[in-house]
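A short worksheet on the structure shown next.
Numbering (our numbering), first residue to last: 9 to 118.
Quick look at the structure:
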C-alpha cells in the first residue's frame, strides 16, 4: 500500500476509498482500495511465468513499462524485474487503470 497513496489513487480515478493490504496470493502482494474497487498487485518477475496467456496476445498495449497489456478489466506490465497488475470489479475505466499504472511505474523503477 505504501507504493501508492490514497491521494494518487484519487488523482487517477477520481475517488480513493481507504486502502488496505490484500491477502498474499502466491508470489503477489498488493493492496486494494474499497471492496474490490481497485486492486494493485506486484510480484517479482522470476516467480511468475512471463509468457502472456493465449487470449492476452490479442490485447492492446497499455503503453506503460514493458510487455504491457490492457485487457479483461485490467492492466498488466513489467518493469525492473517486477510484474504489476491493476484490476477492478467496479466501474473504473481502462484510462483510469492506465493512469494508476503510470503513477506506479516510476516507483517500481527506483
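Backbone N, C-alpha and C define an ideal beta-carbon position, used for all residues, glycine too. From a predicted model like this one, the values you see are computed outputs, not experimental measurements.
Straight-line Cα distance separating residue j from residue i
i           : j           : result
residue 41  : residue 31  : 13 Å
residue 37  : residue 13  : 16 Å
residue 9   : residue 39  : 5 Å
residue 52  : residue 114 : 16 Å
residue 93  : residue 105 : 10 Å
residue 112 : residue 24  : 15 Å
residue 99  : residue 65  : 24 Å
residue 90  : residue 21  : 23 Å
residue 11  : residue 17  : 11 Å
residue 45  : residue 33  : 18 Å
residue 35  : residue 19  : 28 Å
Proximity of residue i and residue j at Cβ, strictly below 8 Å
i           : j          : result
residue 49  : residue 87 : no
residue 103 : residue 85 : no
residue 101 : residue 81 : no
residue 83  : residue 68 : no
Three-state secondary structure assigned by DSSP to residue i
i           : result
residue 114 : helix
residue 18  : helix
residue 83  : strand
residue 92  : strand
residue 10  : coil
residue 77  : strand
Extent of the continuous beta strand (DSSP E) run through residue i
i          : result
residue 72 : Where residue 72 is concerned, there is no enclosing beta strand (DSSP E), given that its DSSP letter is neither H nor E.
residue 54 : Per DSSP, residue 54 belongs to no beta strand (DSSP E) and is neither H nor E.
residue 39 : 37 to 41
residue 1  : With the chain covering only 9 through 118, there is no way to say anything about residue 1.
The region 72 to 79 contacting the region 16 to 33, beta-carbon criterion three pairs below 8 Å: no
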